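Adding 48 to a residue's 1-based position in the sequence shown gives its number in this note's numbering. All C-beta atoms in this analysis are idealised placements derived from N, C-alpha and C, irrespective of residue type, glycine included. Only a predicted model underlies this, so the values are computations on that prediction, with no experimental measurement involved. Step one of this worksheet: look at the structure below.
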Amino acid sequence: MIKSVAASSQNRIAVSVPFLKRGVFILRIGVTALLTLAGIWSCAVMTVVWKLSASTAALLAAALFVLWLGSFRRNGCLFMLAVIEAAFMIWFAGQSAERHFAGVEFERVFAVKPSVNYLPDGKFEVVNLRNNRYPDDYSEKAPYDDVFINSVFDPADVAAVQLAQVYWGGMELVAHTMLNFRFADGRNLSVSVEPRTPVGVDRKHFTHLCHQHELLFVLSVPEDVFELRSRIRGENLYLYDLNFTPDESRKLLTGIIGRVAQLDEKPEFYDLLQDNCITALLPALKSAKPELHCDFRVIFNGWLDRMLFEQGMLKQRDNESFESLRSRCFVGGKSQGEL
Numbered sequence: 049m050i051k052s053v054a055a056s057s058q059n060r061i062a063v064s065v066p067f068l069k070r071g072v073f074i075l076r077i078g079v080t081a082l083l084t085l086a087g088i089w090s091c092a093v094m095t096v097v098w099k100l101s102a103s104t105a106a107l108l109a110a111a112l113f114v115l116w117l118g119s120f121r122r123n124g125c126l127f128m129l130a131v132i133e134a135a136f137m138i139w140f141a142g143q144s145a146e147r148h149f150a151g152v153e154f155e156r157v158f159a160v161k162p163s164v165n166y167l168p169d170g171k172f173e174v175v176n177l178r179n180n181r182y183p184d185d186y187s188e189k190a191p192y193d194d195v196f197i198n199s200v201f202d203p204a205d206v207a208a209v210q211l212a213q214v215y216w217g218g219m220e221l222v223a224h225t226m227l228n229f230r231f232a233d234g235r236n237l238s239v240s241v242e243p244r245t246p247v248g249v250d251r252k253h254f255t256h257l258c259h260q261h262e263l264l265f266v267l268s269v270p271e272d273v274f275e276l277r278s279r280i281r282g283e284n285l286y287l288y289d290l291n292f293t294p295d296e297s298r299k300l301l302t303g304i305i306g307r308v309a310q311l312d313e314k315p316e317f318y319d320l321l322q323d324n325c326i327t328a329l330l331p332a333l334k335s336a337k338p339e340l341h342c343d344f345r346v347i348f349n350g351w352l353d354r355m356l357f358e359q360g361m362l363k364q365r366d367n368e369s370f371e372s373l374r375s376r377c378f379v380g381g382k383s384q385g386e387l
């Protein structure tokens, strides 16, 4: 009896050993693959952040590649690669936007950032509200005297909130999302979250993942930011009325203005994935509309309007289809509403 139990235990151990080895092998492959992706990302970020020459970047990539090859045979190489990646990520995550952008000269279109003064009666003053009227031959690279004004707003006077979706280059997967607040006295306050680009920094998408741009909330009149997108750049702009109550509209405005004041006091990095034109607005949107449910269309925000339509957050006619609403809400652009 005892011998049979011992034999049974030995058989179970013998069977479990191959499974254990297979599990360790799969885990090792997974860790190596993860470190490989992290290594590629790190090399690219180092090249951008430290402005490495092509030869230096190639040497760095070669060194990491040698460690990567060695990791298949020696645990020491795998451990060293993991330590290097972890150290870089800790350094990258610990960067301070306030220190990084101290004394930095920004491109003309981003040189002036707005600030907020809170007034005793519940109102607030926007300092440096952008108020440009662009000529047809306007160019961001040409000299131009930007116009900024100071204006006082009362959250209690918000009459409506609009969502703007802007498309360019024939793409529908991604868009630039903006908001516009309409007040009872006929004035408007538009909000556009953008990367504040220093002079000499490329505006290509990958640099938006490398802590090269400051997070900027542009506050302007719609004749400025909407005209710039649709008439000057020829981008396709759709403007939807949000189905928000007056109280929800006030909460949304208050949340955004609070974020502007926070960024004026302590700058943050713009991040293409975590702090972009829509994700930077989400905390205020969710505070105003707690029932807002977000899915993958927050990342692929070209479909954000459809997501909001499905949740009843866009004002629409009875039994109106999304396609009909979208066609009605087209404002301007080169393609006359067709992407």
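Among the options, the one whose alpha carbon lies nearest that of residue i
{"i": "A223", "options": "H148, V152, K161 and C325", "result": "C325"}
{"i": "T327", "options": "D366, N176, F265 and C377", "result": "F265"}
{"i": "S375", "options": "Q143, D343, Q213 and V152", "result": "Q213"}
{"i": "L221", "options": "L82, F348 and V379", "result": "F348"}
{"i": "G303", "options": "P168, V164 and A159", "result": "V164"}
{"i": "F201", "options": "L211, L167 and E368", "result": "L167"}
{"i": "F136", "options": "V93, Q322 and R230", "result": "V93"}
{"i": "L10", "options": "D312, K299 and Q322", "result": "The question about residue 10 has no answer here: the residues shown for the chain are numbered 49 through 387."}
{"i": "E339", "options": "D323, G360, D233 and W351", "result": "G360"}
{"i": "S240", "options": "V379, V308 and I74", "result": "V308"}
{"i": "H148", "options": "T245, D323, S335 and L356", "result": "T245"}
{"i": "N284", "options": "S187, Q322 and G350", "result": "G350"}
{"i": "D312", "options": "E262, E133, G248 and F127", "result": "E262"}
{"i": "V247", "options": "K171, E155, P162 and D169", "result": "E155"}
Residue i, DSSP secondary structure in three states
{"i": "E358", "result": "helix"}
{"i": "G306", "result": "helix"}
{"i": "D289", "result": "strand"}
{"i": "D312", "result": "helix"}
{"i": "P203", "result": "helix"}
{"i": "F136", "result": "helix"}
{"i": "N165", "result": "strand"}
{"i": "E220", "result": "coil"}
{"i": "E339", "result": "coil"}
{"i": "R244", "result": "strand"}
{"i": "S369", "result": "coil"}
{"i": "E350", "result": "Rather than Glu, the amino acid found at residue 350 in this sequence is Gly. Helix at G350."}
{"i": "G380", "result": "strand"}
{"i": "V209", "result": "strand"}
{"i": "V214", "result": "strand"}
{"i": "R230", "result": "strand"}
{"i": "L300", "result": "helix"}
Buried versus exposed call for residue i [16 or more other C-beta atoms within 10 Å across all chains shown]
{"i": "R277", "result": "buried"}
{"i": "D250", "result": "exposed"}
{"i": "E296", "result": "buried"}
{"i": "Y286", "result": "buried"}
{"i": "A190", "result": "exposed"}
{"i": "I305", "result": "buried"}
{"i": "V152", "result": "exposed"}
{"i": "S383", "result": "Confidence at S383 is low in this model, with a pLDDT of 40, below 50, so its placement is unreliable and the value that follows should be read with caution. Flag for S383 reads exposed."}
{"i": "Q210", "result": "buried"}
{"i": "S238", "result": "buried"}
{"i": "V206", "result": "buried"}
{"i": "F344", "result": "exposed"}
{"i": "F292", "result": "buried"}
{"i": "S372", "result": "exposed"}
{"i": "W139", "result": "exposed"}
{"i": "K252", "result": "exposed"}
{"i": "V174", "result": "buried"}
{"i": "A141", "result": "exposed"}
{"i": "L356", "result": "buried"}
Beta-bridge pairing of residue i - partner residues as DSSP gives them
{"i": "R36", "result": "This structure cannot speak to residue 36, because the chain is shown only from 49 to 387."}
{"i": "D184", "result": "None; D184 has no bridge partner."}
{"i": "L327", "result": "First, the residue type needs correcting, since residue 327 is Thr and not Leu in the sequence shown. According to DSSP, which records beta bridges pairwise, T327 is partnered with nothing at all."}
{"i": "E262", "result": "R244 and F317"}
Neighbourhood of residue i by C-beta, 8 Å cutoff - its chain only, sequence neighbours within 5 removed
{"i": "R281", "result": "W216"}
{"i": "R181", "result": "V195, E271, D272 and E275"}
{"i": "Q143", "result": "H259 and F317"}
{"i": "R354", "result": "R345 and F370"}
{"i": "P331", "result": "G303 and R307"}
Sequence-distant residues of the same chain with beta carbon closer than 6 Å to residue i, five excluded per side
{"i": "L177", "result": "I197, S199 and L267"}
{"i": "K363", "result": "D289 and N291"}
{"i": "E188", "result": "V157"}
Same chain, Cβ closer than 7 Å to residue i, neighbours up to 5 away in sequence not counted
{"i": "E146", "result": "K314 and P315"}
{"i": "F158", "result": "R244, T245 and L264"}
{"i": "N236", "result": "N228, F229, R230, V269 and P270"}
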